[in-house]
């Protein structure tokens, strides 16, 4: 079943130094159009507008996730004799490599409006893209569906699912290190080799030696810091708000049948439901299309679309005010104030709640074991640090900076905002 | 004349840790459209197809060049009392920040076909872009032209020119470190702080203490290694060849008045001369436009354009054969062989000479001085290592891999190539 | 008052890249015998027996602490105009440079037995070492005492004291990064430049901008991880136990007037009280003396001293058992069991409680302020992460590994230990 | 024959992240007295007096050399099926681990005076130290001698010899990276993984793929830069001169039967020939002994010994003058001038020639091969860079700085030196 490449292949990588490929299957998957397309989807969406170094793509992250899985499997094979069969090994490697293949442009920001639910699309591509599916079927006919089921967290291969998607998965291990390196921060740093060394497969679970608890804490904290300092940075959220408003405006114009520039690649997403869009159509859409289109919209007839697009493309972002949590009636009041100043609050105002995920035990906690393998319960039982990580919410209002400065007609808004400040 | 920002501003950077801005002028230049556009031009063009990490933009490099200049000036001010006036300091900082502002999409690869001579455009933008020029004029009316003259290496401000563009310039210092970091190689590594410390301004020249000669050698070698291992990597050159052929094909189709998809942003470059293109038109063009357009061309009617674009977008690149230098008659022979196989050699064959620049003393050598400041002549007089760096040329043929494998009708080509191998 | 060195001097440093010296005072202090002696005292005592890379000295750390202070002062001067006078600047720099000058060999481990209370000795050296004191007096006659008072945390220069010794001091900033680098772990990593940037001097306190809270958390966590993973690593504690037992045995032999090799440098510490030891005598003692002496003791007549020294020098360390906290009566029982096996529990058994310091608000908490400088109270009010860091204690028993394996006569001990296990 | 440790053991390392041990043989060798003693011998001798970070020991380097060999063997096994038998694998690993076991204190500096010829001692220890030899004999009776023969470059196992000691050996690979990291310079940086990947075993030689030539160049240059910037740094050479003079003075005093402090460990080296010194005696000597003894000598009766020791211990080093090569008669003249000033030139003057080794093809050049394995000859045939590295000599005079300043009676010396300056 297993076919090797002629010689061990490598990719030079800034995080892992080298990424090693010896299975022809993996090599061929990397060379598909669907996978190469990930070069045109940024790993961190609009974060490059905050941290200029965050220009890396999902392509590099996907290779890194594969390599991390390869390292975990090598440790498991050397020290615990798992996996015993090559099909499971390949399943784990393919799922790691392809876990993000369904991501569209700026998915986390605009997928709801544009029907990009990326996990669904990942599964569709795995079983419906002629090129990808064909390669996977070389293992056997059920293989594409099995990879898709791992992505869908179905429980046929629970250990593989754990490694792909849990509190302790190879996806997160790679992105924390990679995003930290590219943004230039150390917040996402943790001891990767040591973390892998304290993991072990036990039954259907991946558990951790008690003596490795602090290493797991460091890794959990890396995520905590990256969320607050990078992923939910107010400037990034502000960029997301703008992008979402741009897209919402286009949708409104389209629904009203007003004239607006739309490339062929984008039309299906406005006119049809996700189920009616083919895998081939989906794969046409990437950030080259979106970026080009937004640049065109900076010259749109519609003044709102033109203005919002210009703000996004040329980085004249909305400003932010930290507030306490607002009641609905308060939100109505400020919306009214915006309307009075001639600003449509649907496009020039946004209430955002940014929630840093704490540590969740349910479904996917991290179990500790002692030297003899005895179950010691979830890490949260043992670590006050982990328990302290309950979700934290921040309430923020985003709107144009000229409004925040309270110039001229915006003075009443400024006054109201000051009163709401945290 | 000098206006500070309210508080010292910083950008987090993966190479320099922080980039410090205290001049309002710099801050405002960064926020112009023309400068933000550099986020949409990759620093290393097509290199990401070789080193997947090379996804960084000219925006990040331009900030880094500014920061490197800031460090050099700080050293010069602390230890040698230069520059004495703030206008020269600002001139150096602005020239560093803006030195790449005229780069178009994949400039090094396609600027000849598409009229992007980037240094000319940099100068035009500096004196003709309303936003940029206006900000520069805050210093005084001559300031935009002075910055442009520095870029053009005119000799009014020889020390600033030296620092921007010579064998020992801040541009190169930043890009070597940044390209190395992003590709994940150490070839471009050198001792930045020490290099700066051994530099000193003397008259119209920037010279180096003899005791720092080895540090300069390390820096010169960093360039040597980056050229051979990264910039002139055969896979990158192969990508460049494809891209150039795509663009050449479009030009041919346009000249023949055949139907081909062309966005508004690209038309001026096919129909008019550079001088007739406005700065505003020029700034519309970036890699979003080019990438989107090439994706469209993967569905073009013309089979050659369709095929070449598909190869580029989906990374099915040409293969390479190292040869000895070929005579014109040999080139004709192989072109004929291609034609006989039904492959148009204009698009499916390329002879490339990749030349690693050696060290050039003329005009911009590096002068050593002893402790007392006495001129010891050019570094090449003292360093056999530097003298050994004469330009090296590699001769390579690029064509489709199926041809190189010599399958079926391509067998004769294969045979001919084998005979030419180095 | 201020005298500069001829040219800016630098030291190449693996943590800070360069350490900059421009004051002749600092330069001359570095060249004193008392400061050079710090090269012969390891920064992490016995940790090199756990992490082989931990071979760095207090000399390198002291230079790094100076450099960190220099960076903090540069930020404070640039952005807040403090300190306004050069004497305070020098006071801060000297205190940072000299804060560890009183450390003796393996101080943290054996200072109680050998009268090395290092902070007291630091103060004595500052005001009593002819070389050091003379240099400091160049500023003025009170200067040596002022530096000593800063070390003693007296409140004449509260801001300087804060920077030298608090939850947010330059000592800790340097040692976390340096110890992490040398041991090869990332646990001590944090954002040094950013941490410095969010600090500000307000009245008598150094406070932190609220927006920098997460950066402070990262730094506090760095300490937490370094304590549990490095400083209190059981193998290091085990090495400390052995060393302490070696020294205790020598003291007993000396008190019993038994013959034991003792170099002249060590005798004062056994025969006199600290107050009766001169600064000159104190400075004779360093790790060269201690290490040489211990090697000699591996050939001592006394079998216990010989055995313990051999275990330390050749790294045959005691093993460890994690237990619950033991009552005095339990401790007596196990001591008795050791005695029954012919092992003197004073030398072959040790009960250790390793306590990771949590975050303490009292005296030296970290105050947050908002943008306008308003006091928001201690960071522990705002951060559940910081609050979760209450001190944690681990109870451990150390004794020879052959005992832990429970071979032969040691079987009963093994049984008893198993029952006590955590 | 092969016995594994219970679980894969690891050492945390700042250069390689982790060092992996699975053979019980290796584990047991690390725990011998002879190997642990390497913790008390600094890797770079007196270099810490120039680069304060250079405090690392031969212990850490020896572990790193082992790990580098392990990586090379893993690559060779995976891709070329060599070594086929476990005895050769163990031979290579043991030779790498133990290659420096015969180093004495400051060996490179003082081994001639004190009979430490370290390679000879390495071989003697391998076959004569009861602990080490016993462990090696577990493989078979000939094994200790075979390891010793590899160290002696005998040709029974030519491939292993190549990997241990040639232009492309694992010793150098580790020390370049480690010394660079600890001194804080980048000069020794090179692409370790890639270098290993382009190496291949062919017959009795380790050769390199032509496509890897630049990587080899980078590695050869790393050595070139480390020699000139670190290993032959004038301050380090100055420290070496002092140390050698200290030892020479002691030898003179001993020969004259004058009273001088001498610890038991040192006496054999003054009174007997190397052949008459036992392995046990040899292993007693390390840098703790030497450092302690030198501190004692700072209080010696002999004024020359006292002064020189004090200069070394407290870092009041000799200064340096770069000269042209001096004739014997010129040397005599300056020696006479020193004598006239009351300075014994045997102890206060030193003529040093520091020669940076170029690249030598003879015996141990680096052979390139093409893709098909065809021999292309030595790298120096192909690389002008490598050819440019002919040995370079620097001529330097070392003497007390007060002499160099030419104060008072030293004025004539100063004048003479100025005339000799390069």
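Residue numbers (UniProt numbering), protein chains in the order written: chain A, 1 to 422; chain B, 1 to 422; chain C, 1 to 422; chain D, 1 to 422. Idealized CB from N, CA, C, for every residue including glycine. On a predicted model such as this, the values are computed, not experimentally measured, just so you know.
With a minimum length of 4 residues, the unbroken runs of alpha helix (DSSP H) contained wholly in the segment 259-312 of chain D fall at 267-271, 279-284, 287-297.
Using beta-carbon distances, residue 418 of chain D does not count as an interface residue toward chain A, since no partner is under 8 Å.
With distances taken between CA atoms, residue 294 of chain C lies nearest to C:246 out of C:210, C:246, C:349.
Under the DSSP definition of a beta bridge, residue 354 of chain D partners with D:394. Residue 180 of chain D and residue 273 of chain A have their C-alpha atoms roughly 59 Å apart. Contact check for residue 34 of chain B against residue 69 of chain B fails: the beta carbons are separated by 8 Å or more.
Residues are counted here when their Cβ sits less than 9 Å from a Cβ of chain C; for the segment 193-219 of chain B these are 193, 194, 197, given in chain order.
DSSP, read as helix, strand or coil, puts residue 341 of chain B in coil. For residue 404 of chain D, the uninterrupted alpha helix (DSSP H) run begins and ends at 401-404, by DSSP. Residue 410 of chain C has its alpha-carbon roughly 59 Å from the corresponding atom of residue 140 of chain A. Counting only residues of its own chain and dropping the five nearest sequence neighbours on each side, residue 119 of chain C has a CB closer than 8 Å to the CB of 102, 151, 152. Taking a beta-carbon distance threshold of 8 Å, residue 66 of chain C does not count as an interface residue toward chain B.
Ranked by how close their Cα comes to the Cα of residue 379 of chain D, the residues D:178, D:168, D:100, D:128 have D:168 in first place. Given a length threshold of 3 residues, each whole run of the beta strand (DSSP E) inside the segment 188-228 of chain D is given here in chain order: 199-202, 205-209. Cβ atoms of residue 337 of chain B and residue 413 of chain B come within 8 Å of each other, at about 5 Å.
In this structure, the CA atom of residue 48 of chain B is about 29 Å from the CA atom of residue 78 of chain D. Taking 8 Å as the cut-off, the Cβ atoms of residue 110 of chain A and residue 32 of chain A do not count as close. Only those residues of the segment 378-397 of chain B whose C-beta falls short of 9 Å from the nearest C-beta of chain D are listed: 383, 384, 385, 386, 387, 388, 389, 390, 392. With fewer than 16 other beta carbons inside 10 angstroms of its own, residue 204 of chain A counts as exposed.
Using a Cβ distance threshold of 8 Å, residue 196 of chain A and residue 71 of chain A count as a contacting pair. Using a Cβ distance threshold of 8 Å, residue 172 of chain C and residue 223 of chain C count as a contacting pair.
Along the segment 83-109 of chain C, none of the residues has a CB nearer than 8 Å to a CB of chain B. Between the alpha carbons of residue 259 of chain B and residue 253 of chain B lies a distance of about 7 Å. Taking 8 Å as the threshold, the shortest C-beta distance from residue 18 of chain B to chain C falls below it.
Annotation: residue 84 of chain C is outside any alpha helix (DSSP H) and is labelled neither H nor E by DSSP.
Straight-line measurement puts the Cα of residue 132 of chain C at about 21 Å from the Cα of residue 154 of chain C. Identification of chain D residues near residue 181 of chain C by a Cβ-Cβ cut-off of 9 Å yields 14, 181, ordered along the chain. Every alpha helix (DSSP H) stretch that sits fully inside the UniProt domain "HD/PDEase" (54-185) of chain C and reaches 4 residues is listed by chain position as 58-80, 86-98, 107-114, 118-128, 130-137, 143-151, 158-164, 170-183. Contact residues of the segment 310-343 of chain A toward chain B are 314, 315 (C-beta to C-beta distance below 7 Å). Cα atoms of residue 358 of chain A and residue 138 of chain B: separation of roughly 50 Å, rounded to the nearest angstrom. When C-beta atoms of the segment 316-330 of chain B are compared with those of the segment 314-327 of chain A, fewer than three pairs fall below 8 Å, so the two segments do not count as touching. The three-state secondary structure of residue 231 of chain A, taken from DSSP, is helix.
Scanning its chain for C-beta atoms nearer than 6 Å, with the 5 sequence neighbours on each side dropped, one finds around residue 126 of chain C the residues 144, 147, 148, in chain order. Per the Cβ contact rule, the segment 230-239 of chain B is in contact with the segment 36-53 of chain B (3 or more Cβ pairs under 8 Å).
For residue 31 of chain A, no chain D residue has a Cβ inside 8 Å of its Cβ, as the nearest lies near 21 Å away. Residue contact check for residue 292 of chain C against chain A: no CB pair falls below 8 Å.
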